[in-house]
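Engineer: Residue numbers (the working numbering), protein chains in the order written: chain A, 1 to 255; chain B, 1001 to 1254.
In this text, a Cβ means the ideal position worked out from N, Cα and C, and glycines have one as well.
Structure in structure tokens, see below.
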Amino acid sequence: MVFVPVFLLAVLAGCGGGERNGSINVFAAASLIDAFGEMKEAFEGENPGAEVRLNFAGSSALLTQIQQGAPADVFASADEEKMDSALEDGLVEEPRAFVTNELAVIVPEGNPAGIESLGDLAGESVTLVLAEDGVPVAEYTEALLSNADAEYGEDFSGRVLGNISSREVDVKAAANRVSLNEADATFVYESDITPDIEERVEIVEIPPELNVVATYPIAVASATQNEELAEEWVEFVFSEEGQRILESWGFEPAG
Amino acid sequence: MAALALLAGFIALPLVSLVIWTLSEETWEAMTSPVALDALRLSAFTTAVTMVIILIVGTPAAYVLARYEFPGKRLVDSLVDIPAVLPPSAAGIALLLAFGRAGLLGEHLTAFGITISFTTAAVVMAELFAASHFYVRQASVGFAQVDRAVEESAMVDGARGITVFLRVTVPLAFPALLAGAVMSWSRALGEFGGTIIFAGNFQGVTQTIPLAIFSELERDFDAAVALSVLVLAFAFVVIFTARYMTRKAQGYQE
């Protein structure tokens, strides 16, 4: 039982290629790709010699990787549930919420399925994609849809979920399906509507009273090999500069 | 000797780890979960369709490649090899840009109300793209090794071309055809990158076993392990059957 994770760890550590001083592995939710990418540049600029390696995936996949012994120094999840599981397993220390995000519906440019409102998502012959079951954005979407049942009729969420043609690895993959006009619509975070995506999609308004707030927690991993730098990265995320970068990518500050 | 032991150990250890995890964590139940059963059914169905198409189209195509000279033959020959070298994810993007809803050809199909992406047909196309090479290449090598004199003497005896092909050439090339078919089928079964990019990932429609393993990683690690063990068992059965049948076929010829 212990054998397998230890083996995996050995292999993963081996791939790291020589332990350098001042490098950390940050495991972060896919929705943080752009913001953390920019923050890495800024952080490394301010801390010569430090190296931040970013590993992005759906938060659930990251949790599995960390549970299987992947060498993470920092974990940033798109929901509190994944972080709580990591905390229960003793894999992280003292998580703190650092940003929030809201959901948005995007459709390809030209809106081929004519989706003007949330209610239109339940229409027949609408091709929807959504992130994998268990990925935070999919769970937030399901919560939002059940909120909407009161407004649009009891079977609304069932009909919308019945229109799903593909389950994507993470929220970015779902957004790309729509920007490539392969699907009629998907749910993303507001922060996912980057300038690059915005050029090729249209945004459908979600009534604010139905929307859900996604809370992102971050924590240093218990097994970190470089606690000092890991903590510095977390500090940077909470710093004025870090928060400014996050806001510029569409995130909201946490309460 | 030491090198071989190292290689064998390197391959065996991960496989043994899979089995040990399954035994110790009692992941058997996950094998009969709806996700696993749907994936199994879909993989069996799509690879069967893929193989039928490959055998029907690939056999005469391989024969032509082995026996005839024509302008552009070298180009066609190289084209057949490309999917084997191309990373599957690149193949998936290529398929998407050709047959996707906004693709080169797909755009025109959409106008007629035909959409391929997110359907089981797209899964078969991804498998065909990746797997056809392995059969066609092996089969054409097999056909090239069949002695022309044997075919010609059958012709002299009055047999028609197609009869000679089916009764003489195909049986003589059988070990090569079988080996190629097994390789092709394994590649189709393992197809992942092209499928997830071009066909998408939806239970029962496009989620084959490799995609189900990937998806279950997000939810239920035990289920992912169980499915992996299942394909491992598959792989053993396929390899041993193929070995046995090839030996038997060679026995007939001698």
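#1: From what residue to what residue does the beta strand (DSSP E) around Val1205(B) run?
#2: Following the continuous alpha helix (DSSP H) through Leu128(A), name the residue where it begins and the one where it ends.
#3: Do we get a CB-CB distance below 8 Å when we pair Arg159(A) with the residues of chain B?
#4: Which word fits Trp1021(B), buried or exposed, when buried means at least 16 other C-beta atoms lie within 10 angstroms of its C-beta?
#5: How many Å lie between Leu229(A) and Phe1202(B) at the Cα?
#6: What is the DSSP secondary structure of Tyr1068(B), reduced to helix, strand or coil?
#7: Three-state secondary structure (DSSP) at Pro207(A)?
#8: Give me the Cα-Cα distance between Arg20(A) and Tyr1135(B), rounded to the nearest whole angstrom.
#9: With distance defined between alpha-carbon atoms, name the residue in Val1124(B), Leu1096(B), His1133(B) nearest to Ser1078(B).
#10: If the cut-off is 8 Å on Cβ atoms, which residues from the segment 1084 to 1102 of chain B count as contacting chain A, listed in chain order?
#11: Write down the C-beta distance between Leu1023(B) and Leu1232(B) rounded to the nearest angstrom, noting that I regard them as a contact closer than 8 Å.
#12: Which chain B residues sit within Cβ distance under 7 Å of Gly134(A)?
#13: How big is the Cα-Cα spacing for Glu1026(B) and Asp1222(B)?
#14: What are the partner residues of Thr100(A), as DSSP defines its beta bridges?
#15: Under 8 Å, Cβ to Cβ, is there at least one residue of chain A near Ser1033(B)?
#16: Apart from the five residues just before and just after Ile1213(B), which ones in its own chain have a Cβ nearer than 7 Å to its Cβ?
#17: Which first and last residues belong to the alpha helix (DSSP H) in which Leu1086(B) is found?
#18: When the cut-off is 8 Å and only beta carbons count, does Glu1127(B) lie next to chain A?
#19: Using the Cβ count rule (16 or more neighbours within 10 Å means buried), how would you classify Pro250(A)?
#20: Which complete alpha helix (DSSP H) runs does the segment 50 to 94 of chain A hold, if anything under 4 residues is left out?
#21: Excluding five sequence neighbours on each side, which residues of the same chain lie with their C-beta closer than 8 Å to the C-beta of Leu1055(B)?
#22: For Ala956(B), which option in Pro1175(B), Met1125(B), Leu1040(B) has the closest C-alpha, if you only look at C-alpha atoms?
#23: Nearest-angstrom Cα distance between Pro1087(B) and Phe1192(B)?
#24: Below 8 Å on C-beta distance, what does Thr996(B) contact in chain A?
#25: Do Met1031(B) and Leu1230(B) come within 8 Å of each other at the CB atom, strictly closer than that value?
#26: In terms of DSSP beta bridges, what is Tyr189(A) paired with?
#27: Using C-beta distances below 6 Å, list every residue in its chain close to Ala1122(B), excluding the 5 sequence neighbours before and after it, in chain order.
#28: Take Glu116(A) and list the residues in its own chain whose beta-carbon comes closer than 8 Å to its own, dropping the five residues that flank it on each side.
#29: Is the shortest distance between the beta-carbon of Gly58(A) and the beta-carbons of chain B less than 8 Å?
#30: What number of angstroms, rounded off, separates the C-alpha of Ala254(A) from the C-alpha of Pro217(A)?
Structural biologist: Based on what the coordinates show:
#1: For Val1205(B), no beta strand (DSSP E) segment is defined, and its DSSP state is neither H nor E.
#2: Note, Leu128(A): premise wrong, no alpha helix (DSSP H); beta strand (DSSP E) at 128 to 131.
#3: Residue contact with chain B for Arg159(A): absent (no Cβ-Cβ distance below 8 Å to any residue of chain B).
#4: By the neighbour-count rule (16 or more Cβ atoms within 10 Å), Trp1021(B) is buried.
#5: Their Cα atoms are separated by approximately 41 Å.
#6: Tyr1068(B) falls in the coil class under three-state DSSP.
#7: Per DSSP, reduced to three states, the secondary structure at Pro207(A) is coil, with no helix or strand assignment.
#8: For Arg20(A), the predicted model reports a pLDDT of 40, less than 50, meaning its position is unreliable; a value from the coordinates is still stated below. So the alpha carbons of these two residues sit roughly 47 Å apart.
#9: Measuring from the Cα of Ser1078(B), the nearest candidate turns out to be His1133(B).
#10: Per Cβ criterion, the list reads Leu1096, Gly1100, Arg1101, Ala1102.
#11: Beta-carbon to beta-carbon, Leu1023(B) and Leu1232(B) are separated by about 13 Å, too far to satisfy the 8 Å threshold.
#12: Contact of Gly134(A) with chain B by beta-carbon distance below 7 Å involves Glu1218, Arg1219.
#13: Taking the straight line from one Cα to the other gives about 8 Å.
#14: Beta-bridge pairing links Thr100(A) to Thr215(A), Glu252(A).
#15: Ser1033(B) does not count as touching chain A.
#16: Correct list, in chain order: Ala1224, Leu1227, Ser1228.
#17: No alpha helix (DSSP H) holds Leu1086(B); DSSP gives it neither H nor E.
#18: Not an interface residue.
#19: What sits at residue 250(A) in the sequence shown is Gly, not Pro. Taking all protein chains in view, the Cβ of Gly250(A) is crowded by 16 or more other Cβ atoms within 10 Å, so the residue is classified as buried.
#20: At a cut-off of 4 residues, the continuous stretches assigned as alpha helix (DSSP H) that sit fully inside the segment 50 to 94 of chain A are 59 to 67, 80 to 88.
#21: Hits under 8 Å: Tyr1135, Ala1181.
#22: Past the edges of chain B, shown from 1001 to 1254, lies residue 956(B), and the structure says nothing about it.
#23: Cα-Cα distance, rounded: 11 Å.
#24: It is not possible to answer for residue 996(B), since the shown part of chain B is limited to 1001 through 1254.
#25: Their beta carbons are under 8 Å apart, which means Leu1230(B) touches Met1031(B) by this criterion.
#26: In the DSSP output, where bridge partners are listed per residue, Tyr189(A) has Leu103(A).
#27: Same-chain partners within the cutoff: Ile1116, Phe1198, Ala1199.
#28: Excluding residues within five positions, the ones whose Cβ falls inside 8 Å are Val204.
#29: Using beta-carbon distances, Gly58(A) counts as an interface residue toward chain B, with a partner under 8 Å.
#30: Whole-angstrom Cα-Cα distance: 9 Å.
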